[in-house]
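Trainee: Taking my numbering, the leading residue of the sequence shown gets 35, the next gets one more, and so forth.
Below is the structure I would like to discuss, written out as structure tokens.
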Amino acid sequence: MIQLITQGIKVSVETHYEDSFYNNHKRQYAFSYIITIENQSEYPVQLTSRYWMIKDALNATEIVEGDGVIGEQPIIDPGEQHTYNSGCLLISPIGSMQGYYNMLTPTRKIKVGIPLFKLSAPFALN
Numbered sequence: 035m036i037q038l039i040t041q042g043i044k045v046s047v048e049t050h051y052e053d054s055f056y057n058n059h060k061r062q063y064a065f066s067y068i069i070t071i072e073n074q075s076e077y078p079v080q081l082t083s084r085y086w087m088i089k090d091a092l093n094a095t096e097i098v099e100g101d102g103v104i105g106e107q108p109i110i111d112p113g114e115q116h117t118y119n120s121g122c123l124l125i126s127p128i129g130s131m132q133g134y135y136n137m138l139t140p141t142r143k144i145k146v147g148i149p150l151f152k153l154s155a156p157f158a159l160n
């Protein structure tokens with residue numbers, strides 16, 4: 035598990051290789067990840083948007099930005115956490131993701147880092 039704490043907000047990531055399949059005669063590799071956002075600060079925070087940079091071993095980079103996560107903009111009180119599952123497709127069996135969440139506190143906006151994490155199919159690492 036990979037973790038990063040930014041301004042009292044801890045982001046933990048666990049990844050899984052799901053499988054590969056062919057789509058339009060191109061092989062794709064499916065990965066899932068579980069993210070837990072834990073509020074270790076003294077104030078509530080609301081996750082308003084996300085920014086992801088997804089890279090694969092073939093030097094392809096995809097930027098993903100949008101409101102909330104999986105259709106939600108959760109409010110996380112001090113001592114509480116929010117966990118969600120998501121995934122991505124790569125055209126190579128190895129890649130990485132990193133990014134940040136934009137969050138609101140009662141008095142300001144903060145940018146909370148999502149640690150760089152690797153995506154790798156088990157057969158690609160020998």
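Glycine included, each C-beta is placed from N, C-alpha and C at the ideal position.
1) Along the chain, where does the beta strand (DSSP E) containing residue 50 start, and where does it finish?
2) If you count every other CB in all the chains shown that lies within 10 Å of the CB of residue 77, and 16 or more means buried, which is it?
3) If residue 110 sits next to residue 73, beta carbons under 8 angstroms apart, how far is it from one beta carbon to the other, in whole angstroms?
4) Pull up the CB-CB distance for residue 149 and residue 45, whole angstroms please, since I reckon it's below 8 angstroms.
5) Could you tell me the distance, in whole angstroms, from the CA atom of residue 83 to the CA atom of residue 155?
6) Excluding five sequence neighbours on each side, which residues of the same chain lie with their C-beta closer than 7 angstroms to the C-beta of residue 138?
7) Pull up the DSSP beta-bridge partners for residue 23, would you.
8) Would residue 54 and residue 91 qualify as a contact pair, given that the criterion is a beta-carbon distance under 8 angstroms?
9) So what does DSSP say about residue 78, is it helix, strand or coil?
10) Residue 147 lies in the beta strand (DSSP E); which residues open and close that run?
11) Restricting to Cα atoms, I'd like to know which of 89, 116, 93 and 96 is closest to residue 102.
Mentor: From the atom records:
1) Looking up residue 50 in the sequence shown gives position 16. Looking at the DSSP string, the run of the beta strand (DSSP E) that includes residue 50 is 43-57.
2) On the sequence shown, residue 77 is found 43 positions in, with the first residue counted as 1. Exposure of residue 77 is indicated by the presence of fewer than 16 other C-beta atoms within 10 angstroms of its C-beta.
3) Position 76 of the sequence shown, counted from the first residue, corresponds to residue 110. Position 39 of the sequence shown, counted from the first residue, corresponds to residue 73. The beta carbons of residue 110 and residue 73 sit about 4 angstroms from each other, so the pair counts as a contact at 8 angstroms.
4) Residue numbering aside, residue 149 sits at position 115 when the sequence shown is read from its first letter. Residue numbering aside, residue 45 sits at position 11 when the sequence shown is read from its first letter. That belief holds up - the Cβ atoms of residue 149 and residue 45 are roughly 7 angstroms apart, short of 8 angstroms.
5) Here residue 83 corresponds to residue number 49 of the sequence shown, with the count starting at 1. Here residue 155 corresponds to residue number 121 of the sequence shown, with the count starting at 1. A direct Cα-Cα distance of roughly 29 angstroms separates residue 83 from residue 155.
6) Position 104 of the sequence shown, counted from the start, is the residue given in the question as residue 138. Same-chain partners within the cutoff: 79, 80 and 82.
7) Because the chain spans 35 through 160 in this model, residue 23 falls outside it and cannot be assessed.
8) Residue numbering aside, residue 54 sits at position 20 when the sequence shown is read from its first letter. Residue numbering aside, residue 91 sits at position 57 when the sequence shown is read from its first letter. The answer is no: Cβ separation not under 8 angstroms.
9) Looking up residue 78 in the sequence shown gives position 44. It is coil, neither helix nor strand.
10) On the sequence shown, position 113 is the one that residue 147 refers to. It spans 143-154 - the beta strand (DSSP E) in which residue 147 sits, taken as one unbroken run.
11) Your numbering for residue 102 matches position 68 in the sequence shown. Looking only at 89, 116, 93 and 96, the smallest Cα-Cα distance to residue 102 is reached by 116.
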